[in-house]
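Enquirer: Protein chains in written order, with this note's numbering: chain A, 858 to 1303; chain B, 858 to 1303. Glycine included, every Cβ here is placed at the ideal spot set by N, Cα and C. Remember, it's a predicted structure, so these values are computed and weren't measured experimentally.
Number of protein chains: 2
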Amino acid sequence: MMKLGGLFHPTGNHIAAWLSPDSQLDAGSNFQHYVKLAKTAEAARFDLLFLADAAAVRGGDLAALSRWPQYMAYFEPTTLLAGIAAMTQHIGLVATATTSYNEPYNIARRYASLDHISAGRAGWNVVTSSNLDESMNFGRDEHFSHETRYERAREFVGVVRGLWDSWEDDAFIRDRESGVYFRPDSLHTLDHRGTHFSVRGPLNIARPPQGHPVIAQAGSSNDGMELAAETAEIVFTAQHTLEKAKAFYDDLKSRMSRYGRQPEQLKIMPGLNPVIGSTREEAKQRHAELQAMIQPEVGLELLSNALGGFDLRGYDLDGPLPGTISAENTNTSKSTVQSVLDMANRENLTIRQLYQKMAGARGQRTIIGTPVDIADEMEAWFRAEAVDGFLVQPAVLPGDLDVFAATVVPELQRRGLFRTKYEGATLRENLGLTRPANRFTKAGSQ
Amino acid sequence: MMKLGGLFHPTGNHIAAWLSPDSQLDAGSNFQHYVKLAKTAEAARFDLLFLADAAAVRGGDLAALSRWPQYMAYFEPTTLLAGIAAMTQHIGLVATATTSYNEPYNIARRYASLDHISAGRAGWNVVTSSNLDESMNFGRDEHFSHETRYERAREFVGVVRGLWDSWEDDAFIRDRESGVYFRPDSLHTLDHRGTHFSVRGPLNIARPPQGHPVIAQAGSSNDGMELAAETAEIVFTAQHTLEKAKAFYDDLKSRMSRYGRQPEQLKIMPGLNPVIGSTREEAKQRHAELQAMIQPEVGLELLSNALGGFDLRGYDLDGPLPGTISAENTNTSKSTVQSVLDMANRENLTIRQLYQKMAGARGQRTIIGTPVDIADEMEAWFRAEAVDGFLVQPAVLPGDLDVFAATVVPELQRRGLFRTKYEGATLRENLGLTRPANRFTKAGSQ
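#1: In chain B, which residues lie with their C-beta within 7 Å of the C-beta of P1070 (chain A)?
#2: Is it buried or exposed, Y1116 (chain A), if we count other Cβ atoms within 10 angstroms and call 16 or more buried?
#3: So which residues of chain B does L1178 (chain A) contact, with C-beta pairs closer than 7 Å?
#4: When you check each C-beta in the region 1030-1050 of chain B against every C-beta of chain A, which residues fall closer than 8 Å?
#5: Would P1153 (chain B) pass as an interface residue toward chain A - the criterion being a Cβ-Cβ separation below 7 Å?
#6: What does a CB cutoff of less than 7 Å around R924 (chain A) pick up in its chain, not counting 5 residues either side in sequence?
#7: Can you tell me whether G1128 (chain B) is buried or exposed? The criterion is at least 16 other CB atoms within 10 Å of its CB, across all chains shown.
#8: Counting only beta-carbon separations shorter than 7 Å, does T1181 (chain B) have a partner in chain A?
#9: On a Cα-Cα basis, can you pick out the residue from B:G996, B:K893 and B:L938 that is closest to A969 (chain B)?
#10: Whose C-alpha, out of B:W1238, B:G1226 and B:A1241, is nearest the C-alpha of V1260 (chain B)?
#11: Please state if the CB of L1174 (chain B) and the CB of A1232 (chain B) are separated by a distance shorter than 7 Å.
#12: Tell me which same chain residues have a C-beta within less than 7 Å of the C-beta of W1238 (chain B), skipping the five on either side of it?
#13: Residues in its own chain within less than 8 Å of A1089 (chain A) by CB, not counting five upstream and five downstream?
#14: Output, in sequence order along the chain, the residues in the region 879-890 of chain B whose CB is closer than 9 Å to any CB in chain A.
#15: Got a sec: which bits of the region 965-976 of chain A sit with their beta carbon under 7 Å from any beta carbon on chain B, in order along the chain?
#16: Counting only Cβ pairs nearer than 7 Å, list the residues of chain A close to V914 (chain B).
#17: Using the three-state DSSP reduction, which class does G863 (chain A) fall into: helix, strand or coil?
#18: In this structure, what does DSSP give as the bridge partners for K1124 (chain A)?
#19: For the alpha helix (DSSP H) that contains W981 (chain B), what are its first and last residues?
#20: Could you name the residues of the same chain whose beta carbon sits closer than 6 Å to that of L864 (chain B), not counting the 5 residues immediately before and after it, in chain order?
#21: Short of 8 Å in beta carbon distance, which residues of its chain neighbour I1208 (chain B), apart from the five on each side in sequence? Order them along the chain.
#22: Please state the DSSP three-state secondary structure of H1097 (chain A).
#23: So who's on the other strand from T953 (chain A), going by DSSP bridges?
#24: What residues from chain B crowd round L1174 (chain A), counting only those whose CB sits closer than 8 Å?
#25: Between the Cα of Y931 (chain B) and the Cα atoms of A:Q1221, A:M1150 and A:F1029, which residue gives the shortest distance?
#26: What does the alpha-carbon distance come out to for the pair V1229 (chain A) and H866 (chain B)?
#27: Within 10 angstroms of its Cβ, does K1299 (chain B) collect 16 or more other Cβ (buried), or is it exposed?
#28: Pull up the CB-CB distance for L1084 (chain A) and A1010 (chain A), whole angstroms please, since I reckon it's below 8 Å.
#29: Starting from Q1074 (chain A), trace the beta strand (DSSP E) both ways and give me its first and last residue.
#30: Does DSSP classify W925 (chain A) as helix, strand or coil?
#31: Contact between the region 1005-1023 of chain B and the region 891-908 of chain A: three or more CB pairs below 8 Å?
#32: Enumerate in chain order the residues of its own chain whose CB-to-CB distance from P1304 (chain A) is below 8 Å, with the five nearest sequence positions on each side excluded.
#33: Return helix, strand or coil for Y1038 (chain B), following the three-state DSSP convention.
#34: So I974 (chain B) is in the alpha helix (DSSP H); what residue range does that whole segment cover?
#35: For W1024 (chain B), write down the residues that DSSP places opposite it in a beta bridge.
#36: Closer than 8 Å by C-beta to A913 (chain B): which residues in its own chain qualify, once you throw out the five before and the five after it? Chain order, please.
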């Protein structure tokens, strides 16, 4: 069965979304807006909603940024999802947090807490952070190197998982008769001493309902894929062609055996930006209208960011990208830079065409068409075993989520590709992921 | 008007609370339990609910701890309060977080986020942490010294407040016509470089509805009082006699002028542990029943903790405390240790009597009597200007909160001492605290 997530950027995925009358203007500080999105996605039986994050405002040209509100001012994801957890019952809640500027003990607690509040629906999207703006909010004048970031992330995830096992599942017997609340031998001290972290433990919260909250990742670099093969259960990735998506899928899944993992224990969900019309013509027109709303200074700023901060001002907008840009000379996500360069070369785009293309979908694949067209594409990729599902990023929120839920989801359900009711009670159960055993529990002791 | 907060320890304040049939047995991981408490307190027009916290399980003798579940395994407060925010409308939500093992940028974000989710009801109880168990979860083999902790805390709070001012209140004009979402000159970079922290900013969330979430503190040492005089808006303190409470109140409020602050901008709310009966006899019996439930190994463990880890095993339980214990030779809260020693001396208590007394109220003042008796005591302290209100810690939850809300609150209301409806929309408004101006906003510019 296909998996569906919703990646809900505040006013929507399209860079000009806030200019559309279908968007919630104050999305970044409107809690009820997110509750509405979550309820719509839950009614449509989405597996999860997914919140991106960074620990800084986007840096750049302030005049351009003032016209581009996405990720300048918005909710912190774990608190927002805890609020949403109280208002929903089934949908998974995946929040991003960085391993570069947090402590493993604090992250382990917060996600365990979210998992208890939501009765087993929490997920953690592990990121290593990718920009200097974040570093400078945490006492550093320079960002960790790519290598150090991944080394830290790997150790960090290991510590967090170890902490989640501090208490055995049946630790709390709560027996008023004997006066014993927990079994003393059910509490375990991690005593981790590693390269980047020393964490004794135990964690001061009961083992999460899911055992471990679900781990998501988005890194598509070699280091990122290796980390994902070892630790991730959901991978979010940008894929523009079926061939590349299939290659990525096969590559990543084949790496898992090295870590003793089965391929079905990781769900690969590329981003999908649907632009929907009741006819193809209407869909195209809808897309054209959104593209026409893009302010040029915003498009240029977005492109500069995607290229690791390369300043494009002064270059001819109707000429090609300067040849001096490469994926190697930036300390941002190499795979992101490379995918932008690939796109420009593949389609021979000018700077203006490139930023218009990117601004519309923020680096993700756009499909423009009828609900049947979109379901056809999704089905083709799914049947080709190039994906396990999709992370849907509606262009304008809440409007385009409503349309997707009302049109594409029923079409997928009609084809038997997507659930009509939730299979389980937890995110892990709905995704078909195994509940991890506690490393400290002796076989046969339970 | 008197202020009332609820300090809700998972199963209740009494150390044997979980053994009472009136407690919620799985309180530490039962979200709906907390929602119920919050709703009860809100219906009774409490100003706030307050969650204690530590970043470690309590250390100590595991056999004893297994009979004493308080603060071994429980929710992380900011996520829990975000969930509760979604289910309530008026009550203030104050969560504890330490300045020793967090980063100011992360704390500023989380509390700002909670303030937005709750539409202006967030508060931060600033603690510096007091035990080695926490240090060892964060890469340190020893705890920061008392002096360093307070120096860090002072700088930390300053940075957080500065970050909350990153955006001016009217920054977001969201003007679709002009294409401008925020005024570029309304975004401010803190550029803090201090002894313990370097934080550039700006914060990536809009200024909180309250300007700044309300700052609470509980330190009663000289350093703690000085920090409170400078930065706190609520002070939680343990006071056992009217005279000492009055002296503390006058001392703390008199320190505020040094920082250009008015006395009414800080609310002093001692802890209050009411044991209520419809007659005095019934209240006494209720208390005796709870005391009888205290397991000896638990009482001894509690006392040892309050004395900075001094191991009391082996001493005669029916003799006095050993004379070698002093407040100076521990790196825990000196004022806590001293208050325990004072209590033992004042009433000439044996070890057993002392732990029974402490175990019942966890260091806070207990009043045993009818609703009228309790209201009398509260009124006397309030009219003597020894307190601005109380932080009520029901012995057993949810049972004793229900009783307090149904009996003592109406009595206070009848006397005109406590509100019958909320005065404002935010915690700050209900407490009568001024909304802080943004340090970056130029006079007359708004």
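Expert: Considering the structure as presented:
#1: By Cβ distance, chain B contributes nothing, its closest Cβ being about 12 Å from P1070 (chain A), past 7 Å.
#2: exposed
#3: Here the premise fails: no neighbours, minimum Cβ distance about 25 Å.
#4: R1031, R1033, G1036, V1037, Y1038, F1039, R1040, P1041 and L1044
#5: no
#6: Q1152, E1154 and V1155
#7: buried
#8: no
#9: B:L938
#10: B:G1226
#11: no
#12: L1099, A1102 and V1244
#13: V983, I1072, A1073, Q1074 and L1123
#14: L882, D883, G885, S886, N887 and F888
#15: R966, R967, S970, L971, H973 and I974
#16: P1059 and N1061
#17: strand
#18: A:I1091
#19: Careful: W981 (chain B) lies outside any alpha helix (DSSP H), inside the beta strand (DSSP E) at A979 to V984.
#20: F907, L1248 and Q1250
#21: L1157, L1160, L1169, Y1172, D1173, L1174, D1175, G1176, P1177 and L1178
#22: coil
#23: A:N982
#24: In chain order: nothing, as chain B lies at least about 18 Å away.
#25: A:F1029
#26: 54 Å
#27: exposed
#28: 6 Å
#29: V1071 to Q1074
#30: coil
#31: no
#32: A query on residue 1304 (chain A) cannot be resolved here, the shown segment of chain A reaching from 858 to 1303 and no further.
#33: strand
#34: P961 to I974
#35: B:L1044
#36: N988, D990, E991, M993 and N994
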